[in-house]
Amino acid sequence: MDFITPPYLTQNVSVRRVMLQVLAALIPGIAAYAWLLGPAVLMQIAIATATALLAEAAMLKLQDKPLGPFLGDGSAIVTAWLIALAFPPLAPWWLIVVGTAFAIVVAKHLYGGLGQNPFNPAMIAFAVCIVSFPALMSQWPPINAQANFVDQLALVFGQSPRLDALSGATPLDALKTALKLGEGSTSVATVTADAAVFGRIAGHGWEWVAAGYLLGGIWLWGRKVIGWHVSMSFLAGMTLISGALWLWNPAHFANPLFHLFSGGSMLGAFFIVTDPVSGCTTPRGKLIFGFSAGLLAYLIRVFGGYPDGVAFAVLLLNLCVPIIDLYTQPPIFGMKK
Amino acid sequence: MTHYLFIIIGAVLVNNVVLVKILGLCPFMGVSKKLDTAFGMGAATTFVLTVATGASYVIDHLLLAPFGLEYLRTLSFIVTIAAVVQLTEMVIQKTSPLLHQVLGIYLPLITTNCAVLGVPLLNVANKYNFLESLVFGAASAIGFSMVLILFAGIRERVDGADVPVPFRGVAISMVTAGLMSLAFMGFAGLDKYQ
Amino acid sequence: MLQRLFKFKGGVKPATNKAPSVQAPIRIAPIPPRLVVPLHQSIGGQPTPLVEVGDRVLKGQRIGAADKWVSAAVHAPTSGTVIAVEERVAAHPSGLPTLSVVIETDGQDAWIERHSFDHASLEPERVREILRDSGVVGLGGAVFPSHVKLTPAASVPMDELVINGAECEPFMTCDDLLMRERAEGIVRGVAIFRDLLRPKRVLIGIEDNKPEAVAAMQAAVEALGENFEVVAVPTRYPAGGAKQLIRVLTGKEVPASKRSPEMGVQCFNVATAYSAWRAIAFGEPVISRIVTLTGNVEQPGNWEILLGTPMQEVIALAGPKADTNRFVMGGPMMGFDLPDLSAPVVKATNCIIAGSPALFPPPAPEMPCIRCGACALACPHELQPFELYWFSRSRNFGKAQEYNLFDCIECGCCSYVCPSHIPLVQYFRFAKSEIWSRERDKNMADAAKARFEFRNERDEREKAEKAERLAKAAAAKAAEKKPAPAETPPAPAEAPAPQTVDAEAAKKAAIAAAMERARLQREAAQPKNTDGLTIAQRKEIAEIEKRRAPLQAQQQTTPNADAAQTQNSQKDQQ
Amino acid sequence: MLTAILIMALGAIVLGAALGYASIKFKVEGNPLVEKIEAILPQTQCGQCGYPGCKPYAEAIAEGEADINKCPPGGMEGVRKLADLLGREVKPLDAEEKPKQLAIIDEQLCIGCTLCIQACPVDAIVGAAKQMHTVVESLCTGCELCVKPCPVECIRMEPIAEKIDNWKWKYPVFEIKPARRAA
């Protein structure tokens, strides 16, 4: 007789199923990414996934934990995909290997593995790499040049001179640099007039990738895999501060739509701040977490020293999670005012 | 006004004493096991640091500078800080025995908390005036308390995690501190924006 | 009348599986050859046995008397002979034994003399006493003595009396059938509760998946001309939890720190009301109950079973199928595996489910918690189960209590929804019993400390008194000696002999007196140290004394072999 | 040079005076710590720590004379609590951890010498001279102090049996993680 503790009935849910749904929700975004910016991203995803699974297996082995259930739960793959999507698609292969391995080994397994990491592993990977290799992490493929797969592979794995082929930056970075170089003489409107780079909303191509993430996020929300609290408050935080500054000085600050659809905003809102392990768990805590993360991400990307702020914003809020949770405990049954 | 704002942002976030300047690690690692003690230590350090910056400014400008005795700066700062700490300890012991018990050996440790000596010396190096020194001292202390409390919160949680045996205790705390430091690098440049 | 319903947060909707066991009416189980009646069948003190081995008992005869106010009597379920009063395995998850009366039945089923009462003409206090002595306890499964709950709070007016016919546990249908078949008795029992508590309204809550029961109750209420409201409540587990049902019907939330009368509301199970009516109107104590036998069996259904019937005989009534691998007492959400099939049916046994690997598949391996928060959404008490789990798992019980561990009702909703298949309830039960155990240890330590300090004080005092006595004796001796030489010079030759005799006699007398004083002191001191003892502890001491009495007598008759040693020890004792 | 000496001396005097005043003004009597430590100790008064009772041991800990791992009845749990309270490192217990025990007197052998009664620190043994003695189970702390004095060795210690009243739910053990590494 197997030992069962009550309740004898359980719902048919599992961690694996949750993770698989998250992966499925990433597919529209990835499809748009690969279609518009070349297939290199698929290569990066493959590298990251392989690295993550290897690192996970090695760590499990070292700790005498069973491989099957933990490798099969899909959490390492989710981390890997997020890393691959956050990194520049043409970054050399070893960069993504270093990032992914660091995420799995240090950010996840040193804390005891699945469910116990206080920091978001994918964002740790991003932060480590951007601090250590700032140049490599800021080189994005030129948006218009549809490089063929072979060229991209050569860039990822080969020794070909990088800087010539990769002078690009994300629209977000481009705008920031242009405004800085312009010393007040240029305005957002004149910089973003170049539709070939900046597209209609927030960068040619990039806006479609962001829309893909948005689509996947809404699907996840519809499946009740993620709640609305964190995502919506993240977007609200970003909209609020960008809107306020944009209204105050539209020449100097881009409109909220630009910020929502550029950089890691959409990926962050639906796939990163929604990570339950490193995020807040109380309803009010989730609102604070999302809102502050949105705010900070904007502040860092506009005023700080990095091209995008989502990763650092999420990590900084991860730091605050235990305190926020502690002070936002909801009242329990019978203890409400 | 914005000048002071930038001093505060700089001291609390961008150039956080603990995570960026790597000062005051001893109490940061030692008194962060529990949230309650972290609160107490943060409060005590904030008080001591603010008073110490003020006192050392006065000593530097009224006692040492007029007689050209700047070379005695480090020595006299240490003595002043030690006295302030002693006073604080006595007052806390009398008014809150519990807090005193909880802070235990760490209160005298503030004496050797390099942040408490470091901040007045930074003040001198930055050529801050009296008010700026006070603001900088208080902001540094608030930055210290803030990360101490956040760190304690995380440590309390990690305490229940299945951390691999070789990493239990201080080792994983060091890793956590490192990752916190990494996160704080995100603030870089925020105080330079004009 | 339209009743406004409230909602409670959380809850789950498992498949109810109630249909199989409601097809047949309630059947009466045969009298088994032997009954094992545990004395401790309710919350509160363990009843004291009133029968001895060899006694003939009649059906309904009291065999265990309520120990104190929070306790309920136990009765012989049928007539027969007591063949043992001993420890027998209990219907408890531990499988440990408990003091039980074993009755060999004679098949005559002869009733003891029964008296019916008119509760309206009796003092409320007397009615509560009758209920206690009839062993009426909460038959929903909590077995809390009902008479204790029938005392309204002094300061808060009683607004609502809630009668619980929700029966939210899947598989279970005993209350459903009871309401369908014996609605009138239930309503009459509710009337007794109403008369004792005098609430403004009486609400009978029944989950809306039992339309027949709702109709039957409604009909009974109308037939008896009562103004009770029969309310169909939405089917959602755990709507049948007392606090949840109170919330749904009245909007009041009773926190763990309060008892419901303090909020002007009280809740009883329908079966409890029925048994109270039988006790008052017919003088029939609680000697049987309706049990649902269902799950992996040939003939699911409800049976009226005598308390004390061993489980294997009960199970045989339903005919378990071949692949049955477990028997669960209680519902599938809150029940437990019966550790031993010789355990008897007790007042808490509302349902027995035969389980098979197909019905209750073994759980998927436990994965780490990913803090997804599904449990917090499902928790009807709005706790944060994943935090409780985090701290219970790492044995950080203080923190677990800070997160309101003791508000947990162990309903199992959190485990039901957990994607990581964590046995959360098990962790909470573990943490709770560890905390209770620590509390017991702490109380014992405090008591030990008090007794130790008292003992030290007594030792000090005795030492001081002894010193004083010695000093006095020395002074007396000195005083005696000094005048003696002055008086005796005239007759130095003959005087010494009687004098030494005198002195020796005086010394002996002094020692005897001292011993007597010490004895008195001891006697005066000792009772003080028993002052703080509980009744149980005093009883224990009394029992020990009783056991010692014959030995003592024996010792006194036989000449003492080692007088010297006794003397020594007596001296030591001082 | 002279000014430097003078100024430093002046500083020293001022600060010294302030500290001296404070040490009188904020003097603290007694040590509230002892009570807190004692509250953690199991109050068996067994003396296994090398001190004559729980309070003396608590005092010794507060003074910093005694280590926190000398109390076998308190077990590792007690050591952990003390370490928590005092901010010291958790140390392994300086003895073997035993389950809670109970003294039992073999009534056939007891000669009624009362030596155990005198040894019992909590008056948990009843009886008088020349009469058989018995342990009141619910008062016995399991300190073992009565075992040695018995001249006929009729006292034995037995672990407390599990009953329904003190039965505990067990830690869920069917985790997929191996338990052997649990430290």
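As they're listed, the protein sequences go chains A, B, C and D.
Counting in my numbering, the first sequence runs from -2 upward without gaps.
Counting in my numbering, the second sequence runs from 209 upward without gaps.
Counting in my numbering, the third sequence runs from 339 upward without gaps.
Counting in my numbering, the fourth sequence runs from 106 upward without gaps.
All residues carry an ideal CB built from backbone N, CA and C; glycine is no exception.
Within the stretch 460 to 542 of chain C, the complete beta strand (DSSP E) runs of at least 3 residues fall at 498 to 502. Here residue 610 of chain C is buried, its C-beta having at least 16 other C-beta atoms within 10 Å. At least one CB of chain B lies nearer than 8 Å to the CB of residue 734 of chain C. Along the stretch 393 to 417 of chain C, none of the residues has a CB nearer than 9 Å to a CB of chain B. Taking every protein chain shown into account, the CB of residue 270 of chain D has fewer than 16 other CB atoms within 10 angstroms, so this residue is exposed.
Under a criterion of Cβ atoms nearer than 9 Å, the residues of chain B adjacent to residue 729 of chain C are, in order, 368. Taking a beta-carbon distance threshold of 8 Å, residue 258 of chain A does not count as an interface residue toward chain C. Residue 778 of chain C counts as exposed, since fewer than 16 other C-beta atoms from the protein chains shown sit within 10 angstroms of its C-beta.
With respect to residue 300 of chain A, residue 398 of chain B sits close: the two C-beta atoms are nearer than 8 Å. In this structure, the CA atom of residue 519 of chain C is about 42 Å from the CA atom of residue 328 of chain A. DSSP, read as helix, strand or coil, puts residue 749 of chain C in coil. Among the CB atoms of chain A, none fall inside 8 Å of the CB of residue 330 of chain B. Listed in chain order, the alpha helix (DSSP H) elements of length 4 or more contained wholly in the stretch 215 to 268 of chain D are 220 to 224.
By a beta-carbon distance limit of 8 Å, residue 236 of chain A does not contact residue 763 of chain C. Their separation comes to about 42 Å. With fewer than three CB-CB distances shorter than 8 Å, the stretch 202 to 214 of chain A does not count as touching the stretch 85 to 96 of chain A.
Taking a beta-carbon distance threshold of 8 Å, residue 11 of chain A counts as an interface residue toward chain C.
Residue contact check for residue 365 of chain B against chain A: a CB pair falls below 8 Å.
By the beta-carbon neighbour count (other beta carbons within 10 angstroms, threshold 16), residue 716 of chain C is buried. Closer than 8 Å to the CB of residue 720 of chain C there is at least one CB belonging to chain A.
Note: residue 400 of chain C is bridge-paired with C:413 in the DSSP secondary-structure output. Comparing C-alpha distances from residue 527 of chain C to each of C:566, C:509, C:553, C:649 shows the shortest one belongs to C:566.
Interface with chain C (8 Å Cβ-Cβ cutoff): residue 111 of chain A is included. The C-alpha of residue 442 of chain C lies about 5 Å from the C-alpha of residue 419 of chain C. Looking at the DSSP output, residue 604 of chain C sits in a beta bridge with C:499. By the beta-carbon neighbour count (other beta carbons within 10 angstroms, threshold 16), residue 709 of chain C is buried. At least one C-beta of chain A is nearer than 8 Å to the C-beta of residue 393 of chain B. Take the alpha-carbon of residue 177 of chain D and the one of residue 222 of chain D: they are about 23 Å apart. Neighbourhood of residue 275 of chain B in chain D, by CB distance below 7 Å: 108, 112, in chain order. By the neighbour-count criterion, in which 16 or more other beta carbons inside 10 Å mark a residue as buried, residue 324 of chain A falls on the exposed side. Interface annotation, residue 430 of chain C: in contact with chain D, CB-CB separation under 8 Å.
With respect to residue 688 of chain C, residue 711 of chain C sits apart: the two C-beta atoms are not nearer than 8 Å. Per the Cβ contact rule, the stretch 714 to 733 of chain C is not in contact with the stretch 697 to 704 of chain C (fewer than 3 Cβ pairs under 8 Å). Remark: three or more beta-carbon pairs, one from each stretch, lie closer than 8 Å, so the stretch 422 to 439 of chain C and the stretch 680 to 687 of chain C are flagged as touching. Assigned with DSSP and collapsed to three states, residue 301 of chain B falls in helix.
When Cβ pairs closer than 8 Å are counted between the two stretches, the stretch 116 to 126 of chain A is seen to touch the stretch 95 to 108 of chain A, the count reaching three or more.
Between residue 607 of chain C and residue 392 of chain C, the C-beta gap is not smaller than 8 Å, which leaves the two residues out of contact.
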